[in-house]
Amino acid sequence: MPYQPIESYGLVGDMHTVALVGLNGSIDWMCVPRFDSPSVFGAILDDDKGGFFRIWPEGEDATQKQFYWPGTNVLVTRCFAEHGAAELIDFMPVVDEEASESASRRQLIRRVTAARGKIEMRMLCRPAFDYARERHAVEPVTGGVLFRSQELALSLKATVPLTIDGSEASARFTLEEGHSAVFVISQLTEEIGEATELDESDAEAAFRETVAYWRQWLRQCRYAGRWREMVERSALALKLMTYAPSGAIVAAPTCSLPEGIGGERNWDYRYTWIRDSAFTIYAFLRLGFRQEAERYMHFVAKLCRECNPDGSLQIMYGIDGRKTLTEEVLDHLAGYRGSRPVRIGNGAYDQLQLDIYGELMDGAYLYNKHGAPISYDLWLSLRAGVDWVCDNWQLKDEGVWETRGGRQHFVYSKLMCWVAVDRGIRLADKRSFPCDRSRWLDVRDRIYNDIMTNGWHEERQAFVQAYDSKTLDAANLMMPLTFFVSPNDPRMLRTLHAMMQPPEKGGLLANSLVYRYHVVDSPDGLAGEEGTFNICTFWLVEALTRAGRFHRPLLEEARLIFERMLGFANHVGLYAEETGSRGEALGNFPQAFTHLALISAAFNLDRALGGQRYDP
């Protein structure tokens with residue numbers, strides 16, 4: 022089965038794990054029982070060995086369309102053939118948001134209905150346990166089959182007869198108009214045991230309960246601006262990427278999807294990054310999802326309490342807070358369209374990235390201001406982090422983009438060190454918390470002067486990527502967003518002008534999309550090229566929005582770029598990490614960071630344009 026484009030997938034999940042469902046009706050990625058568990062379906066990383074679970078019309082060329090049931094994370098895939106049409110509904114019931122793995126099982130329900138005429142269908146379930154490293158047996162059970170490996174057992178129940186062939190199960194069945202077939206794949210545990218025969222009415226009840234759950238959750242959303250549908254879809258996607266037992270959010274629910282086809286920029290994003298903290302808290306609070314912001318803040322607070330003795334933190338953690346994320350190469354997998362190596366784990370977890378303290382302190386500051394007052398004990402941990410920044414801000418680091426080409430004095434890292442100290446001072450003043458104010462004030466000013474002296478390139482007339490560099494870096498778009506400089510500061514306006522030039526003229530903008538930096542001019546220790554970075558495009562929109570308060574044409578440009586960018590979402594409103602030169606999705610999918618930036622840009626652009634939903 023040939024690889025599907027990355028953008029051809031929709032996402033369903035239950036806040037423990039997810040499944041990617043292609044337009045062709047195939048589930049090509051699913052990890053059980055949680056996001057960072059080994060995959061049981063992984064055809065997206067190897068279409069021969071990886072495993073899949075597909076339902077499709079037999080023997081006819083069919084046209085597929087896919088959409089979400091409005092206001093939910095229930096996915097509908099419609100297949101239109103000459104003599105009939107079928108509707109496939111995929112969803113994962115939300116049993117208990119905060120249940121641990123041992124308290125509930127993961128369950129995926131697939132219901133296919135003949136919407137017109139008579140249609141012949143096929144089903145093929147071919148799991149490949151532990152990233153296709155572990156063999157499994159298949160045995161018949163009441164109403165279905167059982168796939169059993171050494172570490173995991175999956176039950177596949179169906180309302181049609183199943184056939185076992187080697188290590189897979191299949192079915193051929195004909196549906197008359199209005200009739201349905203249901204397939205339910207479940208994780209079995211010792212506590213739960215084997216399920217009974219499948220009742221189609223139970224699937225209908227689960228469908229209605231799942232639709233009601235998502236609609237009830239989405240009612241909390243306070244955004245009513247011009248781009249409500251895209252903002253709500255981003256919120257729903259972020260909720261799917263939240264690990265309910267801890268409140269952590271994965272950067273993406275996939276691993277090793279390439280940033281360049283055939284290249285080596287393939288990483289595992291099924292972890293939670295400290296740098297996402299400010300963006301996550303801001304987005305959830307702005308939209309009205311206070312519980313999600315609170316639970317994420319509690320997760321981060323727990324990490325802060327368990328920081329290193331000197332007050333330092335890792336850049337990322339497991340979704341359960343674990344610290345060791347050893348990187349491993351899966352040589353037996355071919356990689357998406359031959360993109361190797363396939364990596365699990367992430368070796369960047371022990372990198373030095375100074376920027377994380379700025380995002381952490383900004384998140385804590387925002388939560389204290391718009392959420393709930395932080396505790397004194399959390400303040401002690403945060404204060405230790407600011408003190409650590411005061412001692413170490415002058416170090417070189419690997420930078421926000423986790424380069425593997427050696428440490429540098431990255432401007433963005435210095436910027437976020439400034440943010441860390443600045444937000445520490447603001448938080449201490451707001452709550453009268455004790456701290457070494459005189460030292461913090463002195464360090465904050467020293468960092469500011471250092472950036473203005475060494476981060477500004479007079480010849481380029483722009484802030485650059487690193488000291489002694491001429492390369493531009495889209496991360497510097499965060500300067501006005503963090504209030505380091507005013508959005509109409511001449512230096513910032515010149516930086517915007519430089520970035521908005523095409524790449525052949527040294528800029529970062531192509532087709533209204535933004536590259537994070539020039540990989541040729543700024544060697545990062547990796548071979549190959551990459552696409553434009555979606556989050557950077559939304560950062561540009563927000564920087565232009567803020568500058569547009571003083572220069573109206575920039576506000577109009579911000580809207581133009583934003584609305585063009587909306588057109589690069591996939592057919593169900595999801596974004597990967599990057600967009601390629603042909604408009605294709607690249608990198609892990611969907612990416613939380615991109616959707617967080619979309620929400621922030623939409624909120625601030627809508628407010629700058631006047632807040633009314635429709636223009637006169």
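For the sequence shown, the working numbering begins at 22 and goes up steadily by one. Virtual Cβ for every residue (Gly too), placed ideally from N, Cα, C. Model, not experiment: these values are computed from the prediction.
Please classify residue i as buried or exposed, where buried requires at least 16 other C-beta atoms within 10 Å of its C-beta.
i, result
"D636", "Confidence at D636 is low in this model, with a pLDDT of 39, below 50, so the placement of that residue should be treated as unreliable; the coordinate-derived value is given next. Exposed, by the Cβ-count rule."
"Y30", "buried"
"Y397", "exposed"
"M262", "buried"
"H518", "exposed"
"H157", "buried"
"N94", "buried"
"Q237", "exposed"
"V166", "buried"
"P182", "exposed"
"F88", "exposed"
"E19", "No information on residue 19 is available, as it lies outside the stretch 22 to 637 that the chain covers here."
"A590", "buried"
"G445", "buried"
"S459", "exposed"
"K178", "buried"
What does the alpha-carbon distance come out to for the pair residue i and residue j?
i, j, result
"P394", "Y317", "15 Å"
"D628", "A564", "The question names Asp, but residue 628 is Arg in the sequence shown. The straight-line gap from Cα to Cα measures roughly 14 Å."
"M251", "E584", "11 Å"
"G384", "G164", "50 Å"
"Y24", "F571", "48 Å"
"H616", "M51", "21 Å"
"P26", "G43", "9 Å"
"L324", "A449", "21 Å"
"P455", "R447", "12 Å"
"G604", "S191", "36 Å"
"T38", "R143", "26 Å"
"V464", "L530", "35 Å"
"K139", "E221", "20 Å"
"R99", "P574", "43 Å"
"T184", "Q612", "37 Å"
"R452", "S267", "27 Å"
"N509", "E230", "50 Å"
"I282", "Y303", "33 Å"
"S434", "G420", "6 Å"
"R515", "A487", "17 Å"
"R404", "I620", "30 Å"
"G426", "M520", "23 Å"
"E285", "G359", "10 Å"
"D412", "W461", "11 Å"
"I295", "C328", "12 Å"
"A597", "D457", "43 Å"
Inspect the beta-carbon positions of residue i and residue j and report whether they are closer than 8 Å.
i, j, result
"A107", "H200", "no"
"D57", "R291", "yes"
"G601", "G528", "no"
"E599", "G608", "yes"
"L145", "R75", "yes"
"V115", "D35", "yes"
"A153", "G71", "yes"
"I365", "D289", "yes"
"R127", "D111", "no"
"F554", "R307", "no"
"W422", "Y469", "no"
"V363", "L351", "yes"
"L387", "G406", "no"
"V271", "S298", "no"
"F310", "F614", "no"
"M437", "G379", "yes"
"R254", "G631", "no"
"L373", "L416", "yes"
"W560", "M499", "yes"
Any chance the CB of residue i is under 7 Å from a heavy atom of the ligand MG?
i, result
"R458", "Judged by which ligands are present, the structure shown has none, so any question about the ligand MG falls away."
Extract the residue ranges of the alpha helix (DSSP H) inside the segment 258-328, only unbroken runs of 4 or more that lie entirely within it. 297-308 and 311-326
Would you list, in sequence order, the uninterrupted beta strand (DSSP E) runs of no fewer than 3 residues that lie entirely inside the segment 97-171? 105-112, 128-138, 140-147, 158-162 and 165-169
Inspect the CB distances between the segment 329-344 and the segment 304-318 and report whether three or more fall short of 8 Å. no
Could you name each continuous beta strand (DSSP E) segment of 3 residues or more that falls completely within the segment 172-239, going from the start of the chain to the end? 174-179, 184-186, 189-196 and 201-209
For the segment 424-443 and the segment 471-482, state whether three or more C-beta atom pairs, one from each stretch, are separated by less than 8 Å. yes
Inspect the CB distances between the segment 528-538 and the segment 484-496 and report whether three or more fall short of 8 Å. yes
Please list the segments of the beta strand (DSSP E) lying wholly inside the segment 501-550, counting only runs of 3 or more residues, in order along the chain. none
Jot down the residue ranges of each uninterrupted alpha helix (DSSP H) in the segment 537-623, minimum 4 residues, whole runs only, in chain order. 555-568 and 573-587
With a floor of 3 residues, list each beta strand (DSSP E) that falls wholly inside the segment 423-504, ordered by position along the chain. none
Complete beta strand (DSSP E) runs within the segment 396-424 (minimum length 3 residues, chain order): none
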